[in-house]
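Take a look at the structure set out below.
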Amino acid sequence: MPIYEYQKRPEAVGCDHCRDEFTLYQKMKDDAITVCPVCGGAVMKLVSSPGISTPKTSSELKNLGFTKLVKRDTGVYENVTRTGNEARYMEAGKADTVPDFKRKIAD
Ligand SMILES: [Zn+2]
683 MPIYEYQKRP EAVGCDHCRD EFTLYQKMKD DAITVCPVCG GAVMKLVSSP GISTPKTSSE
743 LKNLGFTKLV KRDTGVYENV TRTGNEARYM EAGKADTVPD FKRKIAD
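Listed below in structure tokens is the structure:
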């Protein structure tokens with residue numbers, strides 16, 4: 683679900699919640715909120731920073747050194763960004779199927 687950032691409108695008083703930026707998970711089709719969910723003060727949606735809310739493809743993530751696990755079954759995750767001899771599926775309780783984070787961090 684996309685994340686949207688809000689901040690109180692300059693003219694609004696605001697509360698502890700909306701005085702600084704806050705984030706809200708919303709469906710794409712939902713309209714931007716205009717009032718703080720805590721104090722009812724006027725808020726405005728901020729322009730999202732690129733790279734935070736922009737979805738990346740699995741190959742982009744892989745090139746950036748991220749590991750993406752997609753749930754395929756109970757306790758079974760497909761490593762869609764696997765490299766080298768990482769296992770395609772990570773299974774709960776099977777240590778040898780866990781992605782090789784240590785090597786990736788060391789790269
Ligand atoms: Zn508020």
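Counting from 683, one number per residue, gives the positions in the sequence shown under our numbering. Backbone N, C-alpha and C fix where the C-beta goes; we use that ideal spot for every residue, glycine too. The model shown is predicted, which means the values in this text are computed figures rather than measured ones.
Contact the region 713-732 vs the region 747-754: 3+ CB pairs below 8 Å: Because the criterion of three Cβ pairs below 8 Å is not met, the region 713-732 and the region 747-754 do not touch.
LEU728 - containing alpha helix (DSSP H), residue span: It is not in any alpha helix (DSSP H) - LEU728 carries neither H nor E in the DSSP assignment.
Which residues DSSP lists as bridging GLN689, in chain order: Bridge partners of GLN689: MET726.
C-beta atoms of THR716 and GLU687 nearer than 9 Å: No, the Cβ-Cβ distance between THR716 and GLU687 is not below 9 Å.
Own chain partners of VAL703 with C-beta closer than 6 Å, once the 5 adjacent residues on each side are dropped: Sequence inspection shows Glu at residue 703; the Val mentioned does not correspond to that position. Excluding five sequence positions before and after GLU703, the CB atoms of its chain that fall closer than 6 Å to its own CB belong to GLU687 and GLN689, given in chain order.
Close beta carbons around CYS697, own chain, < 7 Å, minus the five adjacent residues each side: The residues are CYS718, VAL720, CYS721 and GLY723.
Other residues of its chain near LEU746: CB distance less than 8 Å, five sequence neighbours each side excluded: Same-chain partners within the cutoff: LYS738.
Rounded straight-line distance, which links the Cα of PRO781 to that of ALA774: Taking the straight line from one Cα to the other gives about 12 Å.
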